[in-house]
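A.B. asks: What follows is a single structure, and I will ask about it in a moment.
Residue numbers (the working numbering): 151 to 279.
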């Protein structure tokens with residue numbers, strides 16, 4: 151990306167902040183729904199048990215999502231438009247191996263924003279050079 155004059159440090163910083171905020175909100179919502187369903191399905195469970203189960207479930211999602219994001223961050227090391235687009239396609243393929251909820255969060259909340267920003271910025275920078 152540097153090769154084509156794409157100054158991404160500032161954009162990357164804010165993109166990562168937004169990703170983390172969106173993930174936090176999405177996981178909070180999933181946790182609330184999960185706890186609500188647990189209460190309905192198992193009325194005898196204590197609040198402590200419900201919180202513990204929901205925390206474990208969310209932690210599993212966080213681990214999976216963070217593993218994916220660590221691969222995702224390598225996108226910003228790509229030096230050309232073609233490499234970046236190829237890597238985005240690779241990232242889309244990696245989603246297949248994730249659990250349904252993790253995959254859904256990333257597909258609906260994260261990847262569209264990344265793809266749009268990358269395509270727009272790289273195409274603009276490629277035309278200018």
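Beta carbons are placed, not taken as given, at the ideal position from N, Cα and C, and that holds for glycine.
Computed from a prediction, not measured in an experiment: that's the story for all the values here.
#1: Classify residue 249: buried if its beta carbon has 16 or more other beta carbons within 10 angstroms, exposed otherwise.
#2: Residue 211 to residue 252, Cα distance in whole Å?
#3: Residue 206: which of 243, 257, 241 and 177 sits nearest, CA to CA?
#4: Does residue 230 come out as helix, strand or coil in the three-state DSSP assignment?
#5: In whole angstroms, what is the alpha-carbon distance linking residue 173 and residue 237?
#6: What distance in whole Å lies between the Cβ atoms of residue 196 and residue 181, which are believed to be in contact at a cut-off of 8 angstroms?
#7: Below 8 angstroms on the Cβ atoms is my contact criterion, and I expect residue 189 with residue 200 to pass it. Report the Cβ-Cβ distance as a whole number of Å.
#8: Judging by CA-CA distance, which residue of 185, 175 and 256 is the nearest neighbour of residue 221?
C.D. replies: In brief:
#1: So residue 249 counts as exposed.
#2: 6 angstroms
#3: 177
#4: coil
#5: Their Cα atoms are separated by approximately 22 angstroms.
#6: Between residue 196 and residue 181 the Cβ distance is about 17 angstroms, and since that is not below 8 angstroms, they are no contact.
#7: That belief holds up - the Cβ atoms of residue 189 and residue 200 are roughly 6 angstroms apart, short of 8 angstroms.
#8: 256
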